[in-house]
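Trainee:
Chains as they are written, first to last, in our numbering: chain A, 226 to 424; chain B, 95 to 829.
Here is the structure:
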């Protein structure tokens, strides 16, 4: 389903594969190498550096963005896969009325320290609440385990998400993780859940 | 002296001043900077751990699309090493000869128009090695041993005799593996030469040192070099040195005449920017039946690279941990074909405390004395070496308040005695004393004619909250509202600052900021000294208080003037004053300078059948002196605690002994705690402002990590009856 993306905000030509992406509601027309990841396209070709590269291997979650409302790891997603898709990054989260409630609650609860993983944490958290997976502290811990934080702000991240989820009420439908033993040490060794590797 | 009116900003748990920027994705980290016309560099690293390069063929790489140049040891100019600092030498200059000293050593740099072209071209370089068998094990007879590298070995009393006469003795060996700092932010450097002026965006904890290093290596004046690091994506010690990749990026920019950007890959982060070195520690503790210590003998060996240095005196702190008449500490290193270790959050203390506090638990168990009680019976009321009173020490309160909060009294001392269904429950604890560290620092304060303030220093905020707490200190000392004060950092053009490291920055910087701000008040009072109409005429600093952007008379608080009125009347656009701080002299003050103290209480749950270990809760009771911001200080403690959980249960950089190659250099294979590994973390701050510094602070950036590993190991013993003396503790050891 192609959208009419008239008047691209910026045209970038560094390859021969054409793609039109809507990023944070703005159209971009790009000609890139077909192998360019969504992460590199955002950072290197659209000037959107809020999305971070922490590993480039799909293991840290710092590059989490939304494609058509679903959270994806942009380092494992090709930009060309997002042709005609709606991409939302941390820069597009705030509305006209101000920051997203999660952006504010992360500040209030000190849900970060160095801040490098924060855009990915927040993008995951927004999706988590929309998915109805933020109904308990254990759920949040489990479903946020694909986003690493080396500063160790996890407890505050959980508090920030739970505050918004509780106010939101959207997550009331689900109260426990899908059979996962939240909080178990084995969680670190299991595939880190929650974020799709690709579309 | 305090000039401030209530309510002070200092101490309040205010939100981070950079919070909105970080949560909006608007904080620019070193990898986020780009400049027009920049080229990209990519590194090629050695695939052998020892030997020499016999041939290196770069022709194909040089002919590849977009490639500007290929730099190897053959075309790298002779470069001097950077200057040594008070925390050690600079890494050896890169690409100076054909020798290979570790796997992952940089052997070539490709500079190309795009990152992809540079990376692709590295694969076209053909390197031929004459490889030799690497030294990778402590027990390799070829391994060179370095005794007492830092001159910190200590001895008091008569350890041998005391141990011979002890009622009870415990003696054990503890091992800790290589850990890798692994900040989330990939280290990045962007170097821009403009004639002989150099601007560098770099992942560093220490712009002032980076400037001095680059100036020396590239033979330009320090005034020609500017290093910028407004935001750093974590570092945990790995940003304390100017590593070889930084030198190579600056060199590449000079050789190509283009701005050059280099971002390390995650695997390269394991070999290029340091790590916590593996260590072996032998401890013997002797005690009387009453629990009174008679002797401690603590000896350590850590790994270090072939031709570099690292500060890791694992045993040194055992000399001052307890009141004990006879103590010997010995620290040494062995040289291996490894990439060089460096400080990683709580260097030396993180490993040394694991051994000492595990051994203490073993002693308590042997004596049949409660582990907490045993620590209280050997409490060091005064500094055990100098005999001087501490500048502050509330470790007893840490023990008491922490135990109360945790419910330590519910602990049944017998191992395997507490159970909840399939889970064995274990309670463990550890005591911590973090070393005092202070270094000179400078800061600059400006009050503008509109009454706003701008304060700065070339420090970094690696996530600790420096932006925020220094804004608070500035606001209080000047008496200007928080939202009218901006504190800036991360720029070597600002007054020189020490590193964000050693838990020493907050004390040094806050004192310098205070000095600069007091200087502004003093100079503003000088301005009105001749003003006939000013109520402040003739007032000295001690005669005034500040608040609401005004200076008031202390004796008549309703009489005063605003900064804005005074500066405007005198035709001044601003008043700027520099401030400084320097470490005090303990003997002159008659005090032993204290770092932070803490007590850690941990509950673990171990699956009785599967051995799965889970940390259910951690209580950290911390004496951090005066806490400048309850919110960010708590974050430091919980963050350190998570690092300690990683050290205890997950983290191990695995090096293949035969090849010297790191076998798990990714985030998929090198495990760090994830959200689901971290449960209930409770933090209590106890104690009083430290007496040795004007603001009474003690650094809290590292103490949160220390003690976690021992407390977990002790809790695992309590849960299972199995004593694990080697980190990380994994479930296979409990089956």
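In this text, a Cβ means the ideal position worked out from N, Cα and C, and glycines have one as well.
Quick caveat: nothing in here was measured; it's all calculated off a predicted structure.
1. Relative to the C-alpha of residue 430 of chain B, which candidate in B:517, B:247 and B:143 has its C-alpha closest?
2. Just tell me which of B:576, B:474 and B:455 has its CA closest to the CA of residue 488 of chain B.
3. Could you list which residues in chain A have their beta carbon closer than 7 Å to that of residue 126 of chain B, in chain order?
4. Would you mind telling me which residues of chain A sit closer than 7 Å to residue 116 of chain B, beta carbon to beta carbon, in chain order?
5. Nearer than 7 Å: is that true of the beta carbon of residue 476 of chain B relative to any heavy atom of the ligand NAP?
6. Count the CB pairs spanning the segment 642-662 of chain B and the segment 674-683 of chain B that are closer than 8 Å, and state whether there are at least three.
7. Check whether the Cβ of residue 367 of chain A lies closer than 8 Å to any Cβ atom in chain B.
8. Work out the CA separation of residue 496 of chain B and residue 746 of chain B for me, nearest whole Å.
9. Roughly how many whole angstroms lie between the Cα atoms of residue 781 of chain B and residue 720 of chain B?
10. CB-CB under 8 Å to residue 813 of chain B, same chain, minus the five flanking residues each way: which ones, in chain order?
11. Name the residue from B:471, B:105 and B:530 whose alpha carbon lies nearest to the alpha carbon of residue 484 of chain B.
12. Please tell me whether residue 341 of chain A and residue 627 of chain B are closer than 8 Å, where the distance is taken between their beta carbons.
13. Should residue 276 of chain B be labelled buried (16 or more other beta-carbon atoms within 10 Å of its own) or exposed?
14. Return the CA-CA distance between residue 369 of chain A and residue 764 of chain B, expressed in angstroms with no decimal places.
15. Where does residue 826 of chain B sit, in a helix, a strand or coil, going by DSSP?
16. Considering just the uninterrupted stretch of the alpha helix (DSSP H) at residue 339 of chain B, what are its terminal residues?
17. Using CA atoms only, rank isn't needed, just tell me which of B:409, B:439 and B:418 is closest to residue 427 of chain B.
18. Opposite residue 427 of chain B in the DSSP bridges: which residues?
19. Please classify residue 665 of chain B: does DSSP put it in a helix, a strand, or coil?
20. Return the residues of the segment 277-303 of chain A that lie within a Cβ-Cβ distance of less than 7 Å from chain B, sorted by chain order.
21. Drop a sphere of 10 angstroms on the beta-carbon of residue 437 of chain B, count the other beta-carbons inside from all chains shown, and report buried for 16 or more, exposed for fewer.
22. Indicate the three-state DSSP secondary structure (helix, strand or coil) for residue 341 of chain A in the structure shown.
23. With a threshold of 8 Å between beta carbons, is residue 794 of chain B in contact with chain A?
24. Can you check whether the C-beta of residue 384 of chain A is within less than 8 Å of a C-beta belonging to chain B?
25. Would you mind reading off the limits of the beta strand (DSSP E) that contains residue 269 of chain B?
26. So is residue 761 of chain B in contact with chain E if we call contact Cβ pairs under 8 Å?
27. Comparing C-alpha positions only, which one of B:637, B:642, B:660 and B:306 sits nearest to residue 650 of chain B?
28. Please confirm if the segment 723-737 of chain B is in contact with the segment 107-114 of chain B, defined as three or more CB-CB distances below 8 Å between the two stretches.
29. Anything in the segment 703-737 of chain B with a Cβ closer than 9 Å to a Cβ of chain A? List those residues in chain order, please.
30. Since residue 199 of chain A and residue 352 of chain A are thought to touch, with beta carbons under 8 Å apart, how far apart are those beta carbons, to the nearest angstrom?
31. Does the distance from the C-beta atom of residue 272 of chain B to that of residue 369 of chain B stay below 8 Å?
32. Using the beta-carbon of each residue, which ones in chain A are nearer than 8 Å to residue 110 of chain B?
33. Determine the direct distance from the alpha carbon of residue 695 of chain B to that of residue 500 of chain B, and round the result to whole angstroms.
34. Counting C-beta neighbours from all protein chains within 10 Å, is the total for residue 188 of chain B 16 or more, i.e. buried, or is it exposed?
35. Using the C-alpha atoms, what's the distance from residue 559 of chain B back to residue 132 of chain B?
36. One question on the structure: do residue 739 of chain B and residue 783 of chain B come within less than 8 Å of each other, judged by their Cβ atoms?
Mentor: To lay it out plainly:
1. Out of B:517, B:247 and B:143, B:143 has the C-alpha closest to the C-alpha of residue 430 of chain B.
2. If we check each option's Cα against that of residue 488 of chain B, B:474 comes out closest.
3. By Cβ distance, chain A contributes 274.
4. Going along chain A in sequence order, the residues near residue 116 of chain B (Cβ under 7 Å) are 337, 340 and 343.
5. Looking for the ligand NAP in the displayed structure turns up nothing, as the structure carries no ligands at all.
6. Short answer: they don't touch.
7. Chain B contact via Cβ: present.
8. A straight line joining the alpha-carbon of residue 746 of chain B with that of residue 496 of chain B spans about 30 Å.
9. Looking at the backbone, the Cα of residue 781 of chain B and that of residue 720 of chain B are separated by about 8 Å.
10. Non-local C-beta neighbours of residue 813 of chain B in its own chain, meaning closer than 8 Å and more than five positions away in sequence, comprise 509, 510, 512, 518, 519, 520, 698, 699 and 700, ordered along the chain.
11. Ranking B:471, B:105 and B:530 by Cα distance to residue 484 of chain B puts B:530 first.
12. Going by C-beta atoms, residue 341 of chain A is not nearer than 8 Å to residue 627 of chain B.
13. Buried: at least 16 other Cβ atoms inside 10 Å.
14. Answer to the nearest angstrom: the Cα atoms are 19 Å apart.
15. Here residue 826 of chain B sits in helix by DSSP.
16. Counting along the chain, the unbroken alpha helix (DSSP H) around residue 339 of chain B starts and ends at 338-350.
17. It is B:409.
18. Here residue 427 of chain B is bridged, per DSSP, to B:240 and B:396.
19. In the three-state reduction of the DSSP assignment, residue 665 of chain B falls in the coil class.
20. Under the 7 Å Cβ criterion, the segment 277-303 of chain A contributes 278, 279, 280, 281, 282, 284, 285 and 287.
21. Per the 10 Å Cβ criterion, buried.
22. Residue 341 of chain A: coil per DSSP, three-state reduction.
23. Judged by the 8 Å Cβ criterion, residue 794 of chain B is not in contact with chain A.
24. When Cβ-Cβ separations below 8 Å define contact, residue 384 of chain A makes no contact with chain B.
25. DSSP places residue 269 of chain B inside the beta strand (DSSP E), whose first and last residues are 262-270.
26. This model lacks chain E altogether, as its protein chains are A and B.
27. Nearest of B:637, B:642, B:660 and B:306 to residue 650 of chain B, Cα basis: B:637.
28. Contact holds: three or more Cβ-Cβ distances are below 8 Å.
29. The segment 703-737 of chain B vs chain A, Cβ under 9 Å: 704, 706, 707, 708, 709, 710, 725, 726, 728, 729, 730, 732, 733, 734, 735, 736 and 737.
30. Nothing about residue 199 of chain A can be reported from this structure: the residues present for chain A run from 226 to 424 only.
31. A Cβ-Cβ contact shorter than 8 Å links residue 272 of chain B with residue 369 of chain B.
32. Residues of chain A passing the Cβ test: 332 and 335.
33. Cα-Cα distance, rounded: 7 Å.
34. Under this definition residue 188 of chain B is a buried residue.
35. Rounded to the nearest whole angstrom, the CA to CA distance from residue 132 of chain B to residue 559 of chain B is 32 Å.
36. In this structure, residue 783 of chain B does not lie closer than 8 Å to residue 739 of chain B by Cβ.
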